[in-house]
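Letter 155 of the sequence shown, counting from 1, is numbered 171 in our numbering, and no numbers are missing.
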Amino acid sequence: MILPRFDVLVPESLEEALEMLGEHADKGVRILAGGTDLLVDLRRPIIPVHVPRCDGCAKHPGGMVYSTIDCELWLSEPTAHAGGSLRNALQDSRRISPQYLISLHLLRELKGIKRLDNGSLYIGATTTIREIAHSEKVRRCWTALAEGADNLGSPLVRNRGTLGGNIANARPAADMFVPTIGLNGILKLQSLGGERLLPARDFASGPGLTVIEPLEILTAVIYPAPLSYSGSSYYKLANRKALEISTVGVSVSLTLEAPDGPITDVRVALGAVGPTPILAESAKGILLGETPDEPLFKKAAQAIRKDARPIDDHRGSAWYRSNMVQLLSERLLKIAYIRAKRNK
Ligand SMILES: Cc1cc2nc3c(=O)[nH]c(=O)nc-3n(C[C@H](O)[C@H](O)[C@H](O)COP(=O)(O)OP(=O)(O)OC[C@H]3O[C@@H](n4cnc5c(N)ncnc54)[C@H](O)[C@@H]3O)c2cc1C
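Below, the structure written as structure tokens:
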């Protein structure tokens, strides 16, 4: 792997990191967390030769170098991105080599998992995937997130990769990002001007693109406290178990009024079946207020299938992905339901 030249800056506080970000913005600067996505992105050639790409279609006559995107299908969506067209943004963020990487590894305030007074879960952005997979707190109450962590990469990747990096990288298949949307995670974004909170579902604006401002750092993710009788689940379907990006990812979280009562809340998030992770809105319309049973879950899964917008690529066809969305949604609704009944 050939990497371009860059300098690594090592701030000792969040404020210093934000100042460095502003100071070097015009020379090309990126945040470095675990580096498991970033360093791969910086290599030359950026996109491996075997990966399909658009070399020029009706919409993008100048060509478009990006991995598995079908431009006609996905870029025809009116996807907003601050500061220019989606194409320009992709090119800017993926082609230009940064002169500086700002490493977050000394910033203690960005690390760790804690329960807040209101019962929410606070996970610092540089908390590693391994720490999340090993956290009993996470597994007990935010199970889908632990299951995302279990299935990300390999032990080596989980030791280095971070929650913030997985979300900020905004891949449609990201194994922490999808359950974060399913669990209604809220992102804390910090700039020198202050802090803002953003629902994770509103963060990605396209494959690898987000609405983060150039001078902002993702500092933490807050997961709301689950109510009584809530359960969640995540499943990553991939061509092999380790070191493979998902072909389809489904995350379900569900709340019941009582163990045998109706559904009072449900969120289904889908990965790798659209330009960004998708919150499947149709699940709510069918499931809310209803008492769960097999036919209800089957009907909901059929509707969720229609929320997916998969494409054909080397991991699977659109047809296969749609079928798997339906099958996995039905299965995961059942698993989340069983867990919800037990969680008083
Ligand atoms: C072999 C291999 C296997 C993998 N398998 C999987 C897999 O199965 N599932 C999966 O989802 N991913 C997988 N990945 C991707 C990657 O490991 C994860 O996405 C990981 O969580 C990224 O975290 P990181 O800390 O390494 O991010 P980095 O590479 O450091 O950063 C990723 C991007 O996010 C930005 N960034 C990082 N942190 C912040 C922050 N706090 N604020 C603002 N921007 C930030 C960086 O500038 C960069 O653009 C794999 C990677 C490798 C190399």
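All C-beta atoms, glycine included, are put in the ideal place defined by N, C-alpha and C.
Everything numeric in this text was worked out from a predicted model, so none of it was measured.
- Around the beta-carbon of LYS322, fewer than 16 other beta-carbon atoms lie within 10 Å, marking it exposed.
- Apart from the 5 residues on each side of it in sequence, ALA334 sits with its Cβ closer than 6 Å to the Cβ of PRO326, ILE327 and ASP328 in its chain, given in chain order.
- For GLN342, there is no enclosing beta strand (DSSP E); the residue is part of the alpha helix (DSSP H) that begins and ends at 334-358.
- Annotation for ALA319: the continuous alpha helix (DSSP H) segment containing it runs 310-323.
- With a threshold of 16 other beta carbon atoms within 10 Å, SER170 falls short and is exposed.
- With a cut-off of 8 Å on Cβ pairs, the segment 225-243 is in contact with the segment 184-203, counting three or more such pairs.
- One alpha carbon belongs to GLY38, the other to LEU231, and they sit about 6 Å apart.
- VAL268 counts as buried, since no fewer than 16 other beta carbons sit within 10 angstroms of its beta carbon.
- Going by DSSP, ALA165 is part of the alpha helix (DSSP H) stretching over 159-166.
- Across the structure, ARG59 and GLY209 are spaced so that their CA atoms are roughly 33 Å apart.
- Sequence-distant Cβ neighbours of LEU213 in its own chain, meaning closer than 8 Å and more than five residues away, are ILE202, LEU203, LYS204, LEU205 and ILE238.
- If you ignore the 5 residues before and after ARG174, its C-beta comes within less than 8 Å of the C-beta of THR144, ILE145, ARG146, ALA149, ALA165 and LEU168, all in its own chain and listed in chain order.
- Along the segment 220-268, the beta strand (DSSP E) occurs as fully enclosed runs of 3 or more residues at 220-222, 233-239 and 246-253, listed in sequence order.
- When the alpha-carbon of ARG355 is set against those of ALA190, GLY247 and GLY224, the nearest one is in GLY247.
- A heavy atom of ligand 1 is found nearer than 7 Å to the CB of ASN185.
- Burial state of ALA352 is buried, judged by a 10 Å Cβ sphere holding 16 or more other Cβ atoms.
- Annotated three-state conformation of ARG156 is helix, per DSSP.
- Fewer than three beta-carbon pairs drawn from the segment 268-280 and the segment 179-189 are found closer than 8 Å, and the two stretches are therefore not classed as touching.
- The segment 112-131 makes no contact with the segment 214-230: fewer than 3 CB pairs, one atom from each, lie closer than 8 Å.
- Counting every other CB atom within 10 Å of its CB across the protein chains shown gives GLY140 a total of 16 or more, marking it as buried.
- ALA186 carries a coil assignment under DSSP once its states are collapsed to helix, strand and coil.
- Distance from the CA of ASP42 to the CA of GLN115, rounded to the nearest whole angstrom, comes to 10 Å.
- Judged by the Cβ position, ARG46 qualifies as a neighbour of ligand 1 at the 7 Å threshold, a heavy atom of the ligand being closer than this.
- Restricting attention to THR196, LEU30 and VAL56, the CA atom closest to the CA of GLU211 is found in LEU30.
- LEU126 is classed as buried because its beta carbon has at least 16 other beta carbons within 10 Å across all chains shown.
- Annotation for ILE139: no alpha helix (DSSP H) segment contains it, though the beta strand (DSSP E) segment containing it runs 137-140.
- Taking C-alpha positions only, ALA319 is separated from PRO20 by approximately 46 Å.
- With a cutoff of 7 Å, ARG337 does not count as near ligand 1, since its C-beta is closer than that to no heavy atom of the ligand.
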